[in-house]
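Student: So the protein sequences, as listed, match chains A and B.
So in the UniProt record's numbering, spot 208 of the first sequence is number 208, and the numbers just go up one at a time.
So in the UniProt record's numbering, spot 340 of the second sequence is number 340, and the numbers just go up one at a time.
Even for Gly, the Cβ is constructed at its ideal location relative to N, Cα and C.
The structure follows.
Number of protein chains: 2
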Amino acid sequence: MLCPDRDAKSPRSGRRSTGRVTLQDVARAAGVSPITVSRALRGERAVAPELVARARAAAESLGYVPDPAARALASQRSSHVAVLIPLLTNTLFVDLLEAVQSTLRTGGYQTLIGVTHYDPHEEEQLLREQLAHRPAGLIVTGFERSEGARTLIQTSGVPCVHMMEIRRAPGVYCVGFSQQAAGQALTEHLLARGARRIAYAAAQLDARVMQRAEGYRRALQNAGCYDPALEFLWPEPSSLALGAQMFAHIMVEATPDAIFFCNDDLAQGALMAAPRLGISVPTDVAVAGFNDLPASEQLVPSLTSVHTPRREIGQTAAQMLLQLMRGEPIESECIELAWKVVQRESA
Amino acid sequence: MLCPDRDAKSPRSGRRSTGRVTLQDVARAAGVSPITVSRALRGERAVAPELVARARAAAESLGYVPDPAARALASQRSSHVAVLIPLLTNTLFVDLLEAVQSTLRTGGYQTLIGVTHYDPHEEEQLLREQLAHRPAGLIVTGFERSEGARTLIQTSGVPCVHMMEIRRAPGVYCVGFSQQAAGQALTEHLLARGARRIAYAAAQLDARVMQRAEGYRRALQNAGCYDPALEFLWPEPSSLALGAQMFAHIMVEATPDAIFFCNDDLAQGALMAAPRLGISVPTDVAVAGFNDLPASEQLVPSLTSVHTPRREIGQTAAQMLLQLMRGEPIESECIELAWKVVQRESA
DNA sequence: CTGAAAGCGCTAACAC
DNA sequence: GTGTTAGCGCTTTCAG
Chain A
1 MLCPDRDAKS PRSGRRSTGR VTLQDVARAA GVSPITVSRA LRGERAVAPE LVARARAAAE
61 SLGYVPDPAA RALASQRSSH VAVLIPLLTN TLFVDLLEAV QSTLRTGGYQ TLIGVTHYDP
121 HEEEQLLREQ LAHRPAGLIV TGFERSEGAR TLIQTSGVPC VHMMEIRRAP GVYCVGFSQQ
181 AAGQALTEHL LARGARRIAY AAAQLDARVM QRAEGYRRAL QNAGCYDPAL EFLWPEPSSL
241 ALGAQMFAHI MVEATPDAIF FCNDDLAQGA LMAAPRLGIS VPTDVAVAGF NDLPASEQLV
301 PSLTSVHTPR REIGQTAAQM LLQLMRGEPI ESECIELAWK VVQRESA
Chain B
1 MLCPDRDAKS PRSGRRSTGR VTLQDVARAA GVSPITVSRA LRGERAVAPE LVARARAAAE
61 SLGYVPDPAA RALASQRSSH VAVLIPLLTN TLFVDLLEAV QSTLRTGGYQ TLIGVTHYDP
121 HEEEQLLREQ LAHRPAGLIV TGFERSEGAR TLIQTSGVPC VHMMEIRRAP GVYCVGFSQQ
181 AAGQALTEHL LARGARRIAY AAAQLDARVM QRAEGYRRAL QNAGCYDPAL EFLWPEPSSL
241 ALGAQMFAHI MVEATPDAIF FCNDDLAQGA LMAAPRLGIS VPTDVAVAGF NDLPASEQLV
301 PSLTSVHTPR REIGQTAAQM LLQLMRGEPI ESECIELAWK VVQRESA
């Protein structure tokens, strides 16, 4: 079964034979040329249905598996997609990654992860490494990056899709939503519920956080109750513990009647810490995380959050990239997904 | 600067030139043969220091980046490492992944993720796909897998390191700790604190959960207070919500004086739900998650947990794999890392 | 619609 | 220590 006459033609036989079942072996078994098998298996160009069947059968019976390295070398394109995300410690990005990964897998692509830690320098370095591997595609988070990184992406010629933010520009592919609009909507929702002193609690301060802050500001300015003293922008990394800390600080310093936490971590930490802090959250304090806060609505009288379609963003971005990589036409370069404000009252 | 006489020797010139800077270009610039540059850059075999310097300089000035596909094809080994984990929704595995990924990166390897969803069939399928890419190494979680998967790993010849569990056997590489011993120690700790009716709350029921349960059982049997009615083994996937549900159920059905949750998720969910459930956790109820529960000790009088060195496991496993891939000698095939029981009293 | 030839860029094997 | 030669397994190009 194993390539009986593999060395028939090479005089200094089998010098580097790897024991792998090759296209050549399949071709011999199917009684056609290697290139025909290649085309048949890839479904590229037109091949007589009968030959396709024979090729497939032969490949199947020999257990043929194409060698990705050889394929990449010959075609100048690999089956890898590099995905760059800021952190793995934030469930938002993990959810995105998971959705991206599983969608790409169905398309036959492997996912290479890169964690930037919100560091432009590290992102650029990572991009350089990843692009050296000639990935078939690239998925990055947001638009905030170094000039060098931008150039690397552009000149690489590798199709790239941006997640989480949207920007309408020619040749820019993105899937996300308007962070600012979402922030504004959430704030308006709190206003509509009667809150007036709404604090904004943010950490990390990446681009998206600041866009949400801008939405918050506009909503309050429109309502005539913007107060800079209610903005708490802390640069350190977001975490549950920091959320608890900020919550304690804000409740004491600012006596707000609602708090808009810029993300889940902070909100969740605040909610969990509340009992210990002895701060009995008054009925009119709403805590608003930016996404879904699992199982924590019990801790406060009311909880407002914006449900953002994380998994859908990851999936849609991956699908768009698949189309790009396959050279298929794209309907829209920029897909804006819907989020919604969700209000939950404690039971 | 760009390969001036690239087509000098090929009659039907430039048929498929890719514009990439190749080893050939560097060799020309350095005035040596390609293979010498290759060896110099890889630090393989002995090359005259002077030539090494010239090669490096030329590579640097031309901006040469080795082509991984060509390298993989020629050498039959890629620079990819496949990492298989059960879930991305559990922080344990995310932490492991993060540690593995960053350690591998320092060694020049790329991480390919595979999520098995605790499904042996899916794992086998994934393994098949991943191994087709001839990864340089493989990292998997635990030892519980299908016979087919085991065979795939063995016959692939790809070095493989197991995380999280330990098993001393020739040719088996692993980094982890004894789940059973940890479970037993935690239970004994609770016993020492005076608890007698200790419930075991578990979900998912993978191998590691059951090993911890076995430790729990032994500790209670030794103490003469094992009661099967206190074991709650629910097969559904673990989550915060499930933790809340189990907590309510257990407190009503079993009136325990301590609960050993088999993992963080369940414990955290229980802690968060407690206030709403109206179950004022009595002073003598200890809730023990299996790992670190961030910022939640405030919710119960006392919290016992086992701190397992997740990041250290990931890092150590990756380091071991790096040694294996480089053909370096390994001191120990099986590394057992230390965990510790941590007791925190509410302030 | 099918095939022959020619590499993709690199490294293993062997000589010198 | 260095170079020569011959591929790794696939796909592109160009002819039929």
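1. Considering ALA182 of chain B, what are the terminal residues of the alpha helix (DSSP H) in which it resides?
2. Give me the chain B residues within the contact set of ILE113 of chain A, using Cβ-Cβ distance strictly less than 7 Å, ordered along the chain.
3. Mind listing which residues of the region 61–73 of chain B have their C-beta closer than 9 Å to chain A's C-betas, in chain order?
4. Classify LEU321 of chain A as helix, strand or coil using the three-state DSSP reduction.
5. In three-state terms, what does DSSP make of GLY314 of chain A?
6. Look at GLU60 of chain B and TYR173 of chain B and say whether their C-beta atoms are less than 7 Å apart.
7. Note the first and the last residue of the continuous beta strand (DSSP E) segment covering VAL209 of chain A.
8. Give the DSSP-derived three-state secondary structure of TRP339 of chain A in the structure shown.
9. If I follow the unbroken alpha helix (DSSP H) through PHE290 of chain A, where does it start and stop?
10. Where are the alpha helix (DSSP H) runs, 4 residues long or more, that stay fully inside the region 71–140 of chain A, in chain order?
11. In whole angstroms, what separates the C-alpha of GLY157 of chain B from that of ASP257 of chain B?
12. Please return the same chain residues whose Cβ sits closer than 6 Å to the Cβ of GLU345 of chain A, not counting the five positions on each side in sequence.
13. Cα separation between LEU293 of chain B and LEU126 of chain B?
14. So, do the region 116–124 of chain A and the region 90–99 of chain A have three or more beta carbon pairs nearer to each other than 8 Å?
15. Quickly, what does DSSP pair ALA30 of chain A with across the bridge? List them, please.
16. Pull up the distance between the alpha-carbon of LEU322 of chain A and that of GLY107 of chain A, whole angstroms please.
17. Indicate whether at least one CB of chain B lies closer than 7 Å to the CB of LEU41 of chain A.
18. If I measure Cβ to Cβ from ASP206 of chain A and keep anything under 8 Å in the same chain, skipping five residues before and after, which residues do I get?
19. Determine whether the beta carbon atoms of GLN179 of chain A and ARG150 of chain A lie at a separation below 7 Å.
20. Between the Cα of PRO68 of chain B and the Cα atoms of A:ALA192, A:GLN130 and A:ALA244, which residue gives the shortest distance?
21. Per DSSP, what kind of secondary structure is ILE166 of chain B in: helix, strand or coil?
22. Are the Cβ atoms of TRP234 of chain B and ALA203 of chain B separated by less than 7 Å?
23. Which residues in chain A have a C-beta closer than 8 Å to the C-beta of GLU98 of chain B? List them in chain order.
24. Establish whether the CB of ALA136 of chain B and some CB of chain A are separated by less than 7 Å.
25. Strictly by DSSP, which residues pair up with ARG196 of chain A?
26. How long is the line joining the alpha carbons of LYS9 of chain A and ALA27 of chain A, rounded to whole angstroms?
27. Whose CA, out of A:LEU92, A:ARG56, A:PRO237 and A:GLU123, lies closest to the CA of VAL140 of chain A?
28. Starting from SER302 of chain B, follow its DSSP beta bridges and name the residues at the other end.
29. Taking only beta-carbon atoms, is THR151 of chain A less than 7 Å away from chain B?
30. Alpha carbons only, please: which of A:VAL342, A:ALA288, A:GLY327 and A:VAL341 is nearest the one belonging to PRO159 of chain A?
31. Does any residue of chain B have a CB that is nearer than 7 Å to the CB of HIS133 of chain A?
32. Between the C-alpha atoms of PRO170 of chain B and ALA267 of chain B, what's the straight-line distance to the nearest angstrom?
33. When the cut-off is 7 Å and only beta carbons count, does VAL209 of chain B lie next to chain A?
34. Any beta-carbon of chain B closer than 7 Å to the one on VAL94 of chain A?
35. Please name the residue or residues paired with TYR226 of chain A in a DSSP beta bridge.
Tutor: With the given structure in hand:
1. 179–192
2. GLN101, THR111 and ILE113
3. VAL65, PRO66, ASP67, PRO68, ALA69, ALA70, ARG71, ALA72 and LEU73
4. helix
5. helix
6. Remark: C-beta atoms of GLU60 of chain B and TYR173 of chain B do not approach each other more closely than 7 Å.
7. According to the DSSP assignment, VAL209 of chain A belongs to no beta strand (DSSP E) but to the alpha helix (DSSP H) extending over 207–223.
8. Of the three classes helix, strand and coil, the one that applies to TRP339 of chain A here is coil, per DSSP.
9. Premise fails: PHE290 of chain A is in no alpha helix (DSSP H) and is neither H nor E.
10. 91–106 and 120–132
11. Approximately 51 Å, taken between the alpha carbons.
12. SER302
13. 32 Å
14. Between the region 116–124 of chain A and the region 90–99 of chain A there are fewer than three C-beta pairs closer than 8 Å, too few to call the two in contact.
15. None; ALA30 of chain A has no bridge partner.
16. 7 Å
17. no
18. PRO86, TYR118, GLY142 and GLU144
19. no
20. A:GLN130
21. coil
22. yes
23. LEU88, THR89 and VAL115
24. no
25. ARG196 of chain A is not bridged to any residue.
26. Bear in mind that the predicted position of LYS9 of chain A carries a pLDDT of just 36, short of 50, making it too unreliable to give a figure here.
27. A:GLU123
28. B:ALA286 and B:GLU345
29. no
30. A:GLY327
31. So yes, HIS133 of chain A belongs to the interface.
32. 37 Å
33. no
34. Interface residue, yes.
35. DSSP lists no partner for TYR226 of chain A.
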